[in-house]
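Here is the structure:
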């Protein structure tokens, strides 16, 4: 009896140990996944060192890769010079097994990153047929028609490969050495950011075993500053410690992404509740939660309100038409666009008699007259006209924005023009689109 009791007890303990072992995680695999992947960022660009632009790449990359278990151990900004890039790469590879280099992959003479990294890694470059085909499709030219400087962008490392770039001509480059991996990313944010999120993260999973994104929520804001959103979250929204928050500011628009490591229904429900809480305080500034651009949102509203829209631009110099024209909704949402450098030029373009714009009319009144002429040309339900830049009594600059609605009523608003440069025009475009978004119920 004692012997049977001993055997039964031993069998029970063996079964229990077997089950526990089956349920226990693979400690070797877990330790590999739990250990962060250290990486170093090298940002190239003399314009950054001259103070023309701030470095936004480091902020975006770190915030994007952090949820994957990646840890940035340093970042350097260097000029577009061979010696400086080589020195930076030596320093970076001594501190991390992964180095991300941004900028200098374009077709201009000062885009030397590709050549310098090939020298640094000792990995030759070779023209890649897939990248050539991508250039042919994007530029609507055959290989023989492509200029030599453009074809340089089809040269990729023989050991490593490339990351596709649906948003530009410069593919990302993968230099895989025995001691380290160097990844070169394009410099323009509109190319780098989607490449990091959509292409680089997949490569890091395959090569280094980093974890996948869990579930995330991205709210897109306009008309409110990043600091205001931060403070609102701090004051009114309780965010759990396991929620990673990343933000991106560009052109007066702000994206906030909230991520959880898991991707279960409970995780998605938590983010849904978080979105509801955020909207309680910031609803007026949220223009999308599905990744849509501000341009797409506005054009959908235009179409839902009886569209399409006719544009007349003076002070915005055609930026609105360019921005809206890049949206897939533009084919149905835009009836036509006119751009001129002055009121007189717009009048000539629309064949308006100079007497119709006689002296004594304000810039706003002249803009409305021009809007009416554009309406007669296209007969569209919506018309938006941007008048010339004006200097106010306080020396601030502004433009008059005239909108004609499908129900026949007109509205005129003043919109501030921050500066006369390219960034000012981009900001003006966003302000006008936001105004139109708010006006359309």
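Residue numbers (our numbering): 2 to 442.
Glycine included, C-beta positions come from ideal geometry on N, C-alpha and C.
Less than 7 Å divides the Cβ of residue 313 from the Cβ of residue 375. Within its own chain, the residues whose Cβ lies closer than 8 Å to the Cβ of residue 197, once the five positions on either side in sequence are excluded, are 61, 62, 65, 66 and 186, listed in chain order.
Spanning the alpha carbons of residue 323 and residue 346 requires a straight line of approximately 19 Å. Look at the segment 225–301 and you find these whole runs of alpha helix (DSSP H), each 4 residues long or longer: 227–237 and 266–283. Counting along the chain, residue 116 sits inside no beta strand (DSSP E); it lies in the alpha helix (DSSP H) bounded by residues 114–122. In this structure, DSSP gives residue 189 a state outside helix and strand, which the three-state scheme calls coil. Spatial neighbours of residue 85 in its own chain (CB-CB distance under 6 Å, excluding positions within 5 residues in sequence) are listed in chain order as 79.
In this structure, the beta-carbon distance from residue 274 to residue 250 does not fall below 7 Å.
Less than 7 Å divides the Cβ of residue 261 from the Cβ of residue 215. In this structure residue 296 touches residue 328 by the C-beta definition: roughly 4 Å separates them, less than 8 Å. In terms of Cβ geometry, residue 388 and residue 316 form a close pair [threshold 7 Å].
Secondary structure of residue 125 (DSSP, three-state): coil. Under the three-state reduction of DSSP, residue 54 is assigned to coil, being neither helix nor strand. Assignment of residue 109 by DSSP, reduced to helix, strand and coil, places it in the coil class. The DSSP assignment places 344–350 and 364–379 as complete runs of the alpha helix (DSSP H) inside the segment 344–421, in order along the chain (cut-off: 4 residues). DSSP places residue 337 in the strand class (E or B) of the three-state scheme.
Annotated three-state conformation of residue 157 is strand, per DSSP. Remark: fewer than three beta-carbon pairs, one from each stretch, lie closer than 8 Å, so the segment 393–405 and the segment 187–194 are not flagged as touching. Minimum Cα-Cα distance from residue 122 among the listed residues 282, 176, 218 and 302 corresponds to 176. In the three-state reduction of the DSSP assignment, residue 220 falls in the strand class, which pools E and B. As the crow flies, the alpha-carbon of residue 179 is around 58 Å from that of residue 441. 225 is the residue among 269, 243, 225 and 300 whose C-alpha sits nearest the C-alpha of residue 285.
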